[in-house]
Amino acid sequence: MLLLMYVLLKSVYIPPNIILMELFIETSSLAAVIHKDYTLLPVINRLGVKLGFGDLTIKELCDKECIDVTFFMEIINVFHNESYFSKKKLLDFSVNVVIDYLLKTHKYYLGYVLPEQERLIDLFLTKCINGSKENELIRKFYNKFREEFVNHVQFEEVKVFPYIIKLSETIHIPLQRNDFIDQYRNFTIKGFEKEHGNMDEKMFDLKNIIIKYLPPNYDLNIGNSLLTNLFMFEKDLKNHARIEEKILISKVKQLEKVIKKDE
């Protein structure tokens with residue numbers, strides 16, 4: 257009997273380097289999904305869902321709210337499970353769907369995340385007694401991060417996203433191709449790709465400074481709130497960057513090849 261149990265256990269052994277992938281499905285209760293991973297709350301908000309949906313499954317809710325359930329599933333699974341990224345599935349969505357989601361994400365960052373971070377940092381630093389040198393370092397680094405981040409978002413919204421939408425439209429309207437080529441002769445997604453800064457890395461640096469160089473007399477609760485906020489934002493930024501780089505940029509490169517082929 258012991259030998260049989262040993263054989264059975266060996267037969268289901270999973271090496272430690274293999275990550276079990278937990279994914280949500282369309283028939284999952286959305287309430288259960290949130291209980292499982294509350295960090296998805298701002299993500300589902302950006303996808304067009306507010307709380308108060310009762311016991312509806314994801315599929316039922318998406319049908320009710322006219323939301324693309326396939327896109328909804330891909331996004332929440334990307335954010336829930338760091339090992340998951342179905343590039344093939346995500347590339348099937350139109351650039352308009354992807355950009356609409358990214359714009360809502362930008363609005364969330366600029367309208368809520370950054371102001372909340374600034375509030376917490378101000379509150380945090382005022383509670384740090386006799387830590388003027390460290391306070392100045394944190395404030396200076398955060399202000400630099402914020403400036404670069406806002407510029408990055410504005411560049412995408414003013415220059416990059418309109419270019420991508422126009423490119424997508426032009427593919428289906430041959431008569432507009434010459435005008436498009438003249439207008440964007442010196443602009444390609446490759447150039448933007450080089451400029452696409454790693455804001456998540458800068459966020460890591462900010463967290464690192466706070467963790468390593470604070471004086472011991474800071475307010476523990478406010479400090480923990482600030483770091484929790486920064487950790488959540490960093491996770492969101494990483495997934496946001498993955499969608500932009502692996503999906504949006506990849507789709508645009510494909511569209512650009514079509515345009516160049518017809519020049």
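Taking our numbering, the leading residue of the sequence shown gets 257, the next gets one more, and so forth.
Think of the CB as a built atom: it goes at the ideal place given N, C-alpha and C, for glycine as much as any other residue.
Every value quoted in this text rests on a predicted model; they were computed, and no experiment measured them.
Among the options, the one whose alpha carbon lies nearest that of residue i
i	options	result
Asp438	Lys422, His428, Lys446 and Phe448	Lys422
Asn477	Cys322, Glu316 and Leu379	Leu379
Glu501	Phe443, Val416 and Thr426	Val416
Glu372	Val354, Tyr398 and Lys360	Tyr398
Leu366	Leu346, Phe401 and Ser506	Phe401
Val369	Ile300, Val353, Arg433 and Leu493	Leu493
Phe448	Met459, Glu403, Leu504 and His428	Leu504
Val406	Tyr364, Ile332 and Pro430	Tyr364
Glu404	Met459, Lys389 and Ile290	Met459
Leu445	His428, Asn391, Ile377 and Val508	Reading off the sequence shown, one finds Ile at residue 445, where the question assumed Leu. The shortest Cα separation from Ile445 among His428, Asn391, Ile377 and Val508 belongs to Val508.
Glu392	Leu470, Phe443 and Lys513	Leu470
Asp311	Pro430, His291 and Thr326	His291
Lys360	Ile467, Val305 and Ser481	Val305
Ser506	Lys343, Leu303, Lys389 and Phe327	Lys343
Val299	Thr326, Val325 and Ile332	Ile332
Val354	Ser481, Thr326 and Asp461	Thr326
Ile465	Phe341, Lys389, Glu321 and Phe443	Lys389
C-alpha distance - residue i paired with residue j, whole-angstrom precision
i	j	result
Leu358	Val414	13 Å
Asp356	Tyr294	23 Å
Val351	Ile420	7 Å
Val263	Leu279	Below a pLDDT of 50, predicted positions are generally treated as unreliable, and Val263, at 43, falls in that range; no measurement from the model is reported.
Val334	Asn473	39 Å
Arg395	Lys463	12 Å
Thr484	Asn495	17 Å
Arg498	Leu297	19 Å
Ile515	Asp348	19 Å
Phe309	Leu317	7 Å
Met488	Arg441	39 Å
Leu286	Ile323	14 Å
Val289	Gly479	29 Å
Leu486	Asn301	19 Å
Glu428	Leu381	The question names Glu, but residue 428 in the sequence shown is His. For His428 and Leu381, the distance between alpha carbons rounds to 54 Å.
Tyr319	Ile377	The question names Tyr, yet the displayed sequence has Asp at residue 319. Computed Cα separation, rounded: 41 Å.
Tyr269	Phe328	At Tyr269 the pLDDT is 40, less than 50, meaning the model places this residue with poor confidence and gives no usable figure here.
Lys468	Ser339	29 Å
Leu307	Leu482	25 Å
Pro418	Phe411	10 Å
Where the alpha helix (DSSP H) containing residue i begins and where it ends
i	result
Ser424	Phe417 to His428
Asn473	No alpha helix (DSSP H) holds Asn473; DSSP gives it neither H nor E.
Gln373	Leu370 to Thr382
Thr361	Val351 to Tyr364
Gln439	Arg433 to Gln439
Ile499	Careful: Ile499 lies outside any alpha helix (DSSP H) and carries neither H nor E.
Ile300	Leu297 to Arg302
Per DSSP, the bridge partner or partners of residue i
i	result
Ser339	Answer is none; Ser339 lacks a bridge partner.
Thr313	Ser285
Beta-carbon proximity list for residue i, same chain, < 6 Å, skipping 5 on both sides
i	result
His362	Val409
Thr426	Gln432, Arg433 and Phe436
Glu490	Asp456 and Met459
Glu512	none
Gly475	According to the sequence shown, residue 475 is Asp rather than Gly. So the qualifying residues of the chain are Lys383.
Cutoff 8 Å; reference residue i; Cβ partners in own chain excluding five residues on either side
i	result
Thr283	Thr313, Ile314 and Lys315
Ser424	Ser350, Val351, Asn352 and Leu511
Phe341	Val334, Arg498 and Lys502
Own chain, CB closer than 7 Å to residue i, minus 5 neighbours either side, in chain order
i	result
Lys345	Glu330
His336	Phe280, Asp293 and Leu296
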